[in-house]
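Residue numbers (our numbering): 78 to 201.
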């Protein structure tokens, strides 16, 4: 619970030093910590200052998390990557793959919604 709350606090008060801790949290055993760290690294709306992490800090790990056995973690990775998809072709490709092949129908739909080119594709 403490690690989850720390990740949530760092979401709002992020600075260059805290990004190291947030990236490390992407390997936490607690899915709640991992999900909050993903959000904190990608969400600009929550930040109370101008400091933003570089996408290269979290995108590679978020791409890996698209293959997690835990559907909640995959959903968080989809949400996180959806925030950068317009700037990163490798993310668009990965989300398109999820939209077509994820074993969870809801996650396939979620990935489609993050891809402008697939928003009107038939459900699969």
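Backbone N, C-alpha and C fix where the C-beta goes; we use that ideal spot for every residue, glycine too.
Cβ-based neighbour list, residue i, same chain, cut-off 6 Å, excluding 5 preceding and 5 following
i	result
residue 165	none
residue 159	191
Supposed contact pair residue j and residue i - C-beta distance, whole angstroms, cut 8 Å
i	j	result
residue 150	residue 111	6 Å
residue 203	residue 138	This structure cannot settle anything about residue 203, because the visible part of the chain is limited to 78 through 201.
residue 184	residue 152	6 Å
residue 84	residue 101	The Cβ separation is near 10 Å, so there is no contact.
Whether residue i touches residue j by CB criterion (8 Å)
i	j	result
residue 162	residue 172	yes
residue 143	residue 155	yes
residue 88	residue 120	yes
Counted within 10 angstroms of its Cβ, other Cβ atoms place residue i as buried (16 or more) or exposed
i	result
residue 136	buried
residue 86	exposed
residue 175	buried
residue 179	buried
8 Å CB neighbourhood of residue i in its chain, flanking five on each side removed
i	result
residue 52	Outside the displayed span of the chain (78 to 201) sits residue 52, for which this structure offers no information.
Contacting residues, own chain, Cβ-Cβ under 7 Å from residue i (five flanking each side not counted)
i	result
residue 169	162 and 192
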